Amino acid sequence: MSSILEVKNVVKQYGDYTALNSVSLKVPKGSIYGLLGPNGAGKTSLIRIINQITMPDSGEVILDGEKLAPHHVQHIGYMPEERGLYKTMKVGEQALYLAQLKGLSKAEAKKQLQYWFEKLEIQGWWNKKIQELSKGMAQKIQFVVTVLHQPKLLIFDEPFSGFDPVNANIIKDEILELKKKGSTIIFSTHRMESVEEMCDDIALIHKSNKLIEGKLIDVKKEHRTNAFEVGILSDNIERLMYELTQQFTLEQTNFKSLNDELKLEVQLGNGTPNALLNILTQNGQVTHFVEKIPSVNDIFIQTVSRK
Amino acid sequence: MSVLSLIIKREFIAKVRNKSFIVMTFLSPLLIVGMSFLIGYLVNMNNAEVKKVAIHDESGIFKNDFKDTKKTIYVDLSAMPLQVAKDTASKSYEGLIYIPKVNNPKELLTKVEYISDDSPSMDFIMSMEEVIDHQLTQNNLKELGFDYDKIEKAKTNASIHLTKFSGEDSIKGLNEIKIVIGSAFGYLIMMFIIIYGNFVMRSVIEEKTNRIIEIIISSVKPFQLMLGKIIGNSLAGLLQFTIWAIVGITLLIGVASFFGVQTGAQASINPEMINAAQQEMGGTMQSYIKEILNLPLGTLISCFVIYFIGGYFLYSSLYAAIGAAVDSETDSQQFLLPIIMPMMLGVYVGFFTVMNDPHGTVATVFSIIPLTAPIVMLMRIPFGVPWWQLVISITLLFGTFLLVVWFASKIYRVGILMYGKKPTWKELYKWLKY
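Residue numbers (full-length UniProt numbering), protein chains in the order written: chain L, 1 to 307; chain Y, 1 to 434.
#1: Run the CB neighbour count on Glu107(L), radius 10 Å, all protein chains shown included, and call it buried at 16 or more, exposed below.
#2: Going by DSSP, name the residue or residues bridged to Asn44(Y).
#3: Considering only DSSP beta bridges, list what Lys128(L) is partnered with.
#4: Buried or exposed: Lys111(L), going by 16 or more other Cβ atoms within 10 Å of its Cβ?
#5: Compare the Cα-Cα distances from Ile4(L) to each of Glu193(L), Ile130(L), Ile141(L) and Pro151(L) and report the closest residue.
#6: Counting only runs of 3+ residues fully inside the segment 205-265 of chain Y, write out the beta strand (DSSP E) ranges in chain order.
#7: Taking the Cβ atom as the reference point for each residue, do Tyr412(Y) and Pro222(Y) lie within a distance shorter than 7 angstroms?
#8: Compute the distance between the beta-carbons of Thr189(L) and Glu158(L), then report whether it is under 7 angstroms.
#9: Going along chain L in order, which residues have a C-beta closer than 7 angstroms to the C-beta of Arg10(Y)?
#10: Quick check on this structure: which residue in Ile237(L), Asn274(L), Asn236(L) and Gly231(L) has the alpha carbon closest to the alpha carbon of Thr253(L)?
#11: What's the call for Leu371(Y), buried or exposed, on a 16-neighbour Cβ count within 10 Å?
#12: Am I right that Ile205(Y) and Gly384(Y) are in contact with their C-beta atoms under 8 angstroms? What's the rounded C-beta distance?
#13: Use the C-beta contact count for Pro358(Y): other C-beta atoms within 10 angstroms, 16 or more gives buried, fewer gives exposed.
#14: Whole beta strand (DSSP E) runs in the segment 130-161 of chain L with 3 or more residues, listed along the chain?
#15: Comparing alpha-carbon positions, which option in Glu60(L), Leu250(L) and Ile205(L) lies nearest Phe228(L)?
#16: Under three-state DSSP, which class holds Pro296(Y)?
#17: Would DSSP call Asp331(Y) helix, strand or coil?
#18: For Tyr74(Y), which beta-bridge partners are listed by DSSP?
#19: Do you know offhand how far Leu277(L)'s Cα is from Val290(L)'s?
#20: Ser24(L) and Lys215(L) look like a contact to me (Cβ under 8 angstroms); what is the Cβ gap, rounded to whole Å?
#21: Under a three-way DSSP split, which group does Tyr98(Y) fall into?
#22: Using the Cα positions of Val50(Y) and Glu94(Y), report the straight-line distance between them to the nearest angstrom.
#23: Please state whether the Cβ-Cβ distance between Asp164(L) and Gly124(L) is less than 7 angstroms.
#24: Based on Cα-Cα distance, which residue from Leu6(Y), Arg380(Y) and Thr250(Y) lies nearest to Cys303(Y)?
#25: With DSSP as the reference, label Ala79(Y) as helix, strand or coil.
#26: Rounded C-beta distance between Lys178(Y) and Pro382(Y)? I'm assuming under 8 angstroms.
#27: Can you find the residues in the same chain that come closer than 7 angstroms, C-beta to C-beta, to Phe300(L), ignoring five residues on each side of it along the sequence?
#28: For Gln100(L) and chain Y, any beta-carbon pair shorter than 7 angstroms?
#29: Report buried or exposed for Met89(L), applying the criterion of at least 16 other Cβ atoms within 10 angstroms of its Cβ.
#30: From the beta carbon of Lys12(L), is the nearest beta carbon of chain Y less than 7 angstroms away?
#31: Return the Cβ separation of Val247(Y) and Phe26(Y) in integer angstroms, given the expectation that the two are a contact with Cβ distance under 8 angstroms.
#32: Using the three-state DSSP reduction, which class does Ala158(Y) fall into: helix, strand or coil?
#33: Could you tell me which residues DSSP pairs with Met79(L) in its beta bridges?
#34: Quick test of the definition: if touching needs 3 or more C-beta pairs under 8 angstroms, does the segment 144-162 of chain Y touch the segment 346-353 of chain Y?
#35: By the 9 angstroms beta-carbon criterion, what residues does the segment 4-28 of chain Y contribute toward chain L?
#36: Can the beta-carbon of Asn283(L) be found less than 7 angstroms from the beta-carbon of Ser234(L)?
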């Protein structure tokens with residue numbers, strides 16, 4: 001799959017402080033791409049460079065095969081973490097203004113705006129001022145102005161913060177629909193559950209460096225620990241334990257289940273799942289047998305604390 | 001529509017629709033005209049009060065020398081004993097002038113007393129002293145054997161006739177008129193810069209605190225946004241100024257004609273004097289108007305426009321940079337002072353040096369330094385400024401303007417993305433290198 005956005009060896013320094021240390025990324029077309037990293041890692045600096053708010057000291061950014069240029073702003077939609085709109089301006093005028101700044105004609109902007117207002121059922125808000133709206137309502141407007149000009153690339157910084165679960169779900173569905181229509185979406189977030197749920201690809205930035213990048217599934221494979229969670233109802237626990245410790249490393253663990261069984265985390269080491277299963281079946285009733293897949297959260301914490 | 005004109009339009013509309021802007025636009029002229037009439041009325045009322053002052057003259061030297069004026073009526077209580085006169089005066093008079101009996105009139109130079117519980121105005125004291133001096137001088141002259149009346153007759157009162165080398169008559173007081181006109185223009189520019197520079201700054205701060213700035217500059221260049229802001233706000237300012245001028249002039253004419261009728265009625269007590277005065281006034285007025293029309297009005301107005309644009313852009317880009325650097329208006333104070341200082345300096349230097357010597361070194365230098373030029377040069381223009389000075393001054397102004405805009409836009413670009421801290425001068429300097 002070709003990439004819509006390619007960041008090549010981008011360096012950004014503020015005085016003596018290096019915000020981005022030769023960072024390279026490839027964002028595949030049509031994907032949802034999770035940009036992860038702790039606070040101060042350099043995510044915002046990178047996003048600002050992609051949005052041409054600041055310029056990199058060296059390196060380049062390629063958007064859809066072309067070197068990033070001023071006219072590309074109309075292909076990018078950006079929702080910053082610090083949400084903001086003109087408080088005293090009317091919703092409709094404001095959205096029109098922002099869309100026109102992105103290069104839409106007034107008529108086209110109006111058409112798009114009507115489409116979105118109907119879709120999100122907020123037609124009545126056209127003449128309201130932002131300061132009359134609740135935070136959640138303003139967030140919806142913020143979302144609309146971000147996607148209004150049908151950008152190829154959408155960048156959401158913490159997209160779900162500030163939304164209640166119902167609205168967060170609406171926005172999530174809209175984002176998935178935009179993806180279906182061919183937009184590429186970059187998430188910058190700390191909320192790992194939404195990454196787990198929605199992202200196809202991820203990159204992890206920490207202390208100005210990119211540490212991990214790739215398909216979510218590949219990253220997970222790379223970080224698999226070869227550990228299994230097992231549950232077993234056994235009459236002869238002593239023998240079971242003896243046989244297991246001959247081959248594997250064991251640890252007591254806990255997971256939700258309906259039985260009062262023995263719960264173990266087994267590190268396979270050089271052994272195979274079948275060998276483990278053999279021992280288990282010979283010694284009792286297996287109730288639970290699952291490979292322990294690292295969550296994005298685990299990977300995140302592991303990687304960040306290792307460096 | 002281009003991005004810049006979109007921004008200008010939005011800034012203009014946002015400003016003009018603002019409630020406080022609308023209120024200020026229509027209320028200010030009313031307030032100013034109302035205030036000036038209130039002040040005029042109060043001053044008149046103050047002047048209309050007549051003071052009664054008693055005189056107790058034991059020396060017999062001052063018979064009728066204390067003459068009644070509009071403000072003061074003198075009543076001679078010399079016939080009463082001093083104590084009675086004092087009692088009377090303390091009850092029903094403003095004060096008592098006590099002139100003791102002396103052997104030698106010269107002693108009176110220091111012995112005349114004014115007894116009053118209110119402290120008298122400087123004017124009044126001087127007028128009393130003048131009367132005493134006049135009388136004692138007369139006495140002295142007589143003693144020395146001079147004929148006072150002859151001396152009085154011998155006194156002259158010269159009046160220099162002012163003409164130009166071209167042979168035209170000039171009139172006295174023209175300098176003052178020139179100063180007033182020049183200062184008015186200079187002052188106008190300063191007011192405009194301060195008021196609308198603040199508008200620009202506030203609008204930058206607003207975008208920053210609203211956090212919309214990041215969305216806007218992901219679509220347009222910070223420089224375009226800054227320029228659009230400055231132009232949009234200045235257009236709103238020009239509209240406000242125009243409305244002020246129209247409303248103010250209409251009001252002034254209206255109120256003046258209303259009051260004019262009244263003063264005419266009051267003055268009918270002595271129509272002859274008024275007529276004579278009016279004729280004389282009319283004559284001078286005509287030559288004044290002629291002189292005003294002779295001023296380099298074309299140069300004045302075109303320079304006003306040029307200096308206005310240069311000065312306003314120079315300062316408002318500084319205001320924009322400050323707005324970008326701070327998080328709230330309260331934090332802006334420390335950075336505003338260095339901006340307001342040169343303007344104040346311009347106004348005061350203008351008032352004091354241009355009036356004395358419009359082509360002196362100080363006035364000339366300040367009319368060339370770009371930060372004070374828009375104010376001081378306009379004050380000088382009515383006196384005629386050599387064209388080469390204008391050229392240097394304007395070139396420098398626009399050169400500095402470009403430099404400052406460049407410098408301000410750098411600070412602006414970095415500052416708008418810095419939240420939550422109050423920068424120091426050192427940091428601002430560092431931003432220039434980002």
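Note that the Cβ used here is the ideal one computed from N, Cα and C, for glycine as well. In this text, all values refer to a predicted model and were calculated from it rather than measured experimentally.
In brief:
#1: The amino acid at residue 107(L) is misidentified as Glu; the sequence shows Ala. Ala107(L) comes out exposed.
#2: Its beta-bridge partners do not exist; DSSP assigns none.
#3: None; Lys128(L) has no bridge partner.
#4: exposed
#5: Pro151(L)
#6: none
#7: yes
#8: yes
#9: Tyr97
#10: Gly231(L)
#11: buried
#12: No, Ile205(Y) and Gly384(Y) are not in contact; Cβ-Cβ is about 43 angstroms, not under 8 angstroms.
#13: buried
#14: 153-157
#15: Leu250(L)
#16: coil
#17: helix
#18: Val53(Y)
#19: 11 angstroms
#20: Between Lys215(L) and Ser24(L) the Cβ distance is about 17 angstroms, and since that is not below 8 angstroms, they are no contact.
#21: strand
#22: 10 angstroms
#23: no
#24: Arg380(Y)
#25: coil
#26: 4 angstroms
#27: Leu36, Met192 and Leu204
#28: yes
#29: buried
#30: no
#31: 7 angstroms
#32: coil
#33: Phe156(L)
#34: no
#35: Leu6, Ile7, Lys9, Arg10, Ile13, Ala14, Arg17 and Asn18
#36: yes
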